[in-house]
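**Q** One structure is given below, represented as structure tokens, and several questions about it will come after.
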Ligand SMILES: *Cc1c(COP(=O)(O)O)cnc(C)c1O
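Set out below in structure tokens:
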């Protein structure tokens, strides 16, 4: 690492968060650790390896590619692809023993045929829409669809699930989704269609609605802790830090400006540090003139626009800061802390976007080390 920008991932804190989840769910409830999009930018292999050692029940990924990537890396846990995949790729689910989300009959039929050919029964999870309005048929219109899949001999209806759009903000809507899901499962049960796993809770759903646990939960954000959770979730820890270093410092005279757009103009003499991080690293341009960073024991504001590979920071009259000093963009130093959710607030986005867009080119250091394998 010559250009000084790096990510530190605290695997002890990940362990803490995982054990916290185990503590708030009942013994019979399984955990699908959502590790989609490179484990929300934390790096999928080390995160999955740690979770595997902690005894995770299943991995949730965004794409078949990620599932195959985990299989090729040697992971033996069940893997559920949390999206729809074109039926022309169905063979890979069978080949790599990956659990498919089923939202179409054609896909299920193709999978059934492929499974039959090699004499296996392949597990699938049916996704029904109770209000997310993304994938899956509306639950009230799903009955026939599910009945037809039930009749496919080489498909095992292992799971049924749904998803919450407003678990964090609308108690009534989320409550009605849980109720609808429950009623639908019972309706199916009355017709002798049952599922080993029934699940609907993402992180906030899991924290706020014990009734939503059923017998499987799908936490993502709570594993990574990119924000402060209220109530039960208040002990969740952030696991990621984004760091860089000061690579240049100069004295600005009043009237001198920093960065593209000249949106920062010094009102008085000040020291401006150039720091080696930019929007190409996933430090959003929309943080321009808004974000703070931590150097040594204090917060310092950005001076002007974020560049592709650089930001400028106003040090005021802090002469004790030098080239080579660490700069914390996300993370903690003593009592000071910047969370992914702080960057999200400043950039007017959500912590999920901040974390998942951290460039995969950035070196990630995992502590404590995962060696020996
Ligand atoms: C991403 C995702 C999750 C995890 O969501 P968090 O809010 O990070 O806990 C769960 N279920 C589905 C279907 C998802 O796409």
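In the numbering used here, the protein residues as written are 2 to 374. C-beta atoms are modelled at their ideal positions from N, C-alpha and C, and glycine is treated no differently.
Compute every distance between the C-beta of residue 205 and the non-hydrogen atoms of ligand 1, then say whether any falls below 7 Å.
**A** yes
**Q** Across the segment 240-250 and the segment 260-269, are there enough close Cβ pairs to call them in contact, namely three or more that are closer than 8 Å?
**A** no
**Q** Does DSSP put residue 300 in a helix, in a strand, or in coil?
**A** strand
**Q** Note down the Cα distance separating residue 166 from residue 172, rounded to an integer number of angstroms.
**A** Distance between the alpha carbons of residue 166 and residue 172: 11 Å.
**Q** Could you give the residue range of the beta strand (DSSP E) that holds residue 207?
**A** Not the beta strand (DSSP E): residue 207 falls in the alpha helix (DSSP H), residues 204-209.
**Q** Can you find a heavy atom of ligand 1 that lies under 7 Å from the Cβ of residue 247?
**A** no
**Q** Which residue or residues does DSSP assign as beta-bridge partners of residue 375?
**A** Absent from the model: residue 375. The displayed extent of the chain is 2 to 374, so no value can be given.
**Q** Across the segment 184-198 and the segment 12-26, are there enough close Cβ pairs to call them in contact, namely three or more that are closer than 8 Å?
**A** no
**Q** Can you list, in chain order, the residues of its chain with a C-beta nearer than 8 Å to that of residue 150? Leave out the 5 residues immediately preceding and following it.
**A** 103, 106, 109, 125, 127, 156, 158
**Q** Is the closest heavy atom of ligand 1 to the C-beta of residue 37 under 7 Å?
**A** yes
**Q** Is the segment 266-280 touching the segment 318-326, taking contact as three or more C-beta pairs under 8 Å?
**A** Enough Cβ pairs lie closer than 8 Å, so yes.
**Q** Nearer than 7 Å: is that true of the beta carbon of residue 223 relative to any heavy atom of ligand 1?
**A** Yes, since a heavy atom of ligand 1 falls inside the 7 Å radius drawn around the Cβ of residue 223.
**Q** Could you check whether the segment 282-290 touches the segment 307-314, counting it as contact only if at least three pairs of C-beta atoms, one from each stretch, sit closer than 8 Å?
**A** Contact between the segment 282-290 and the segment 307-314 is present, because at least three Cβ pairs lie under 8 Å.
**Q** Roughly how many whole angstroms lie between the Cα atoms of residue 338 and residue 328?
**A** Pairing residue 338 with residue 328, the inter-Cα distance amounts to about 12 Å.
**Q** Should residue 28 go down as buried or exposed, given a rule of 16 or more other Cβ atoms within 10 Å for buried?
**A** Exposed is the call here.
**Q** Do you know offhand how far residue 116's Cα is from residue 364's?
**A** For residue 116 and residue 364, the distance between alpha carbons rounds to 40 Å.
**Q** Give me the Cα-Cα distance between residue 278 and residue 360, rounded to the nearest whole angstrom.
**A** 11 Å
**Q** If you scan the segment 120-194 from start to end, which runs of the beta strand (DSSP E) of 3 or more residues do you find wholly inside it?
**A** Those beta strand (DSSP E) runs which fall completely within the segment 120-194 and span 3+ residues are 123-128, 156-162.
**Q** Measuring alpha carbon to alpha carbon, tell me which residue in 352, 154, 290, 336 is nearest residue 299.
**A** The shortest Cα separation from residue 299 among 352, 154, 290, 336 belongs to 336.
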